[in-house]
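**Q** Under mature numbering (1 follows the signal peptide of the UniProt record, and there is no 0), read the sequence shown as residues -19 to -1, 1 to 431, first letter to last.
The C-beta atom is built at its ideal place from N, Cα and C for all residues, glycine as well.
Below is a structure I'd like to ask you about.
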Amino acid sequence: MRVATAVAIASAGVLGVRAQTNQSALQPQLLLLANTPATCSWGTGLTCALSDSTNNLKLGAGCVLPVPIPTDNYVADKRTNKFDDALSGTASAQPFVEITSALVGSATTSADTTTGQVGWNYYKTNPLTSQSVINFKVPGLYSLSIIATDYDRSANCDGCVAINDAYRPRFKTGTCPSVPFATTENVMFRSVRDRSLCLDDGGGTLGGQTKFTLTACNPNSPNQVFVNDPIKMQYKNFNKPSLCLDDGGSVRSRPTPAHLWGCDQNNQNQWFTYDPATLLLRQSAKPNLCLTDILQTGTTRWFYLVDCDATNVNQQFERVPQYQLPSPSSLTTTSLAQAKTYEDQFNAFVDGSNVLNNPNSGNDCNDVVSKVEYLRDDLKDFTGSCFDAAALATNVANLKANPFPEHLQSSYSSLQATLVANGQWCCQKSKTLKEKYIEYGCPSAATDKG
């Protein structure tokens, strides 16, 4: 004999029990009678993350939420009710439990899912199995609803969950090809004001022994090759790994020249970040101060921290790999073909067919760098191949139209520096995968009604 009808949905947060459990002892005063207005909630600030390439995020499995717990004093005692299908666990009519999710603001319902009408016995016995039918495949805000009915009454509880995209694009297979005669770890800083000159630590082997200056670029010099540690924001001398670029404690009111100093990740005088867009070496701990070459006496130039100015060529440096080609004479048809092979390998690695990302993610906004420097020319942006027949023709045309005016009987050191500075054929390419991203969040004010 049926004594009373009370269909209730109680929030797991209110009851102080874990979601998806069925052992909570509901107190009578927490029951939501079908004909009595009441408020319930899934909770606030709910969020889950799409963290793999398939976007197969399921409620209760990957996205664990405090799903409100339905109870009823007549049909919720784990028995088979009149319209239950014991085999499938569904219910063709009341009583049943149903959970639905819907992507807010979407014109399509392809992202909406529902458990369908689940029999009470099946739901109370297998709550996680039922809940896992709810599948979140698209980033965004989702409205949630659970409804529980007996034979003639019902109660429902609404909620919200933010599904954010935590999966980032990546290259599927392989690694970025390494070039034997160049390395991105070992870099030199070439002055834009005079591309025959490079940042040089002055030759010191002890901290503070010499000042940074500009000298003729030489990839074999122990004073011009540096290794960047982006985590520590330091530039170590490759040949003197215990010594780092240090601003000497320079500030606006008391400028001091930069020098080598013992590497210390806690020393803010060594925190530098290179800005490839402006070609500036910025002091990371001293806002708007950049490394600048300043003439001292004669031709001697030292480096100080000065207010950053992207138009000041004394602050602009091209960060280029340490080229380890023995000499310009090593440029042959064989080495040119080898360079083209490396470029082809790079192009294949960064091709879109080798990029993996999850569906329904944000549009890509990749950082792509493609620069070439032909003989008798400056480093500049370009699209295409650096080392094909057309590039070779460009180099030949440059030499014909603008031959070297240097006196070939000059001293070896000065002639070599001039020829190297004007006779480089190099290519810089990089691709950093990025995507646009929206951080979703549910409203903080609870508006759910039951």
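Beta-carbon of residue 302 versus every beta-carbon of chain D: anything under 8 angstroms?
**A** Absent here is chain D; the protein component of the structure consists of one chain.
**Q** Counting C-beta neighbours from all protein chains within 10 Å, is the total for residue 37 16 or more, i.e. buried, or is it exposed?
**A** Label assigned to residue 37: exposed.
**Q** Rounded to the nearest angstrom, what separates residue 408 and residue 143 at their Cα positions?
**A** 44 angstroms
**Q** Among 288, 302, 303, which one has its Cα closest to the Cα of residue 296?
**A** 288
**Q** Going by C-alpha distance, which of 58, 424, 331, 125 is nearest residue 40?
**A** 125
**Q** Measure the beta-carbon distance from residue 129 to residue 51 and round it to whole angstroms, keeping in mind my assumption that it falls under 8 angstroms.
**A** 4 angstroms
**Q** Could you please give me the residues that DSSP links to residue 283 through a beta bridge?
**A** 275
**Q** Between which two residues does the beta strand (DSSP E) holding residue 142 run?
**A** Secondary structure note for residue 142: its beta strand (DSSP E) is the uninterrupted segment 135 to 146.
**Q** Would you decide whether residue 127 is buried or exposed? Buried here means 16 or more other CB atoms lie within 10 Å of its CB.
**A** buried
**Q** Would residue 174 pass as a contact of residue 301 if the rule is Cβ separation under 8 angstroms?
**A** Cβ atoms of residue 174 and residue 301: not closer than 8 angstroms.
**Q** Assign residue -3 to one of three DSSP states: helix, strand, or coil.
**A** In this predicted model, residue -3 has a pLDDT of only 29, less than 50, meaning its place in the structure is not dependable; the value taken from the coordinates is given anyway. If DSSP states are grouped into helix, strand and coil, residue -3 belongs with coil.
**Q** Quick one, which of 338, 422, 198, 99 has its alpha-carbon nearest residue 73's?
**A** 99
**Q** Using three-state DSSP, classify residue 245 as helix, strand or coil.
**A** coil
**Q** Quick test of the definition: if touching needs 3 or more C-beta pairs under 8 angstroms, does the region 223 to 233 touch the region 314 to 332?
**A** no
**Q** By DSSP, does residue 373 sit in helix, in strand, or in coil?
**A** helix
**Q** What's the call for residue 102, buried or exposed, on a 16-neighbour Cβ count within 10 Å?
**A** buried
**Q** Whole angstroms are fine: how far does the CA of residue 141 sit from the CA of residue 112?
**A** 15 angstroms
**Q** For residue 204, count the other beta carbons within 10 Å of its own beta carbon; 16 or more makes it buried, fewer makes it exposed. Which is it?
**A** Buried, since its Cβ has 16 or more Cβ neighbours within 10 Å.
**Q** Indicate the three-state DSSP secondary structure (helix, strand or coil) for residue 319 in the structure shown.
**A** helix
**Q** Classify residue 256 as helix, strand or coil using the three-state DSSP reduction.
**A** strand
**Q** If you count every other CB in all the chains shown that lies within 10 Å of the CB of residue 172, and 16 or more means buried, which is it?
**A** buried
**Q** Pairs of beta-carbons, one from the region 417 to 426 and one from the region 349 to 358, closer than 8 angstroms: are there three or more?
**A** By the Cβ criterion, the region 417 to 426 is not in contact with the region 349 to 358, since fewer than three pairs of Cβ atoms, one from each stretch, lie closer than 8 angstroms.
**Q** Can you give me the C-alpha to C-alpha distance between residue 378 and residue 360, rounded to a whole angstrom?
**A** Going by the C-alpha atoms only, they are around 17 angstroms apart.
**Q** From the DSSP output, read off the bridge partner residues of residue 192.
**A** Partner(s): 240.
**Q** Between which residues of its own chain and residue 42 is the CB-CB distance below 6 angstroms, once the five residues before and five after are set aside?
**A** Taken in chain order, the residues that qualify are 113.
**Q** Closest by CA to residue 332, which one among 347, 106, 320, 339?
**A** 347
**Q** Closest to residue 437 by CA distance: which of 270, 212, 147 is it?
**A** Not covered by the structure: residue 437. The range shown for the chain is -19 to 431.
**Q** By how many angstroms is the C-alpha of residue 132 removed from the C-alpha of residue 76?
**A** 5 angstroms
**Q** If we count Cβ pairs, one from each stretch, closer than 8 angstroms, do we get three or more for the region 177 to 192 versus the region 56 to 66?
**A** no
**Q** Pull up the CB-CB distance for residue 270 and residue 286, whole angstroms please, since I reckon it's below 8 angstroms.
**A** 4 angstroms
**Q** In chain order, what residues of the same chain have a beta carbon less than 6 angstroms from the beta carbon of residue 251, not counting five sequence neighbours either side?
**A** 215, 225, 227
**Q** Please report the distance separating the alpha-carbon of residue 176 from that of residue 349.
**A** 24 angstroms
**Q** Do the CB positions of residue 192 and residue 335 come within less than 8 angstroms of each other?
**A** no
**Q** Given a threshold of 16 other Cβ atoms within 10 Å of its Cβ, counted over all protein chains shown, does residue 10 qualify as buried or as exposed?
**A** In this prediction, residue 10 has a pLDDT of 31, which is less than 50 and means its spatial position is unreliable; nothing more can be read from the coordinates.
**Q** How would you label residue 49, buried or exposed, when you count the other beta carbons within 10 angstroms and need 16 or more for buried?
**A** buried
**Q** Does residue 276 pass the burial test, meaning 16 or more other C-beta atoms within 10 Å, or should it be called exposed?
**A** Per the 10 Å Cβ criterion, exposed.
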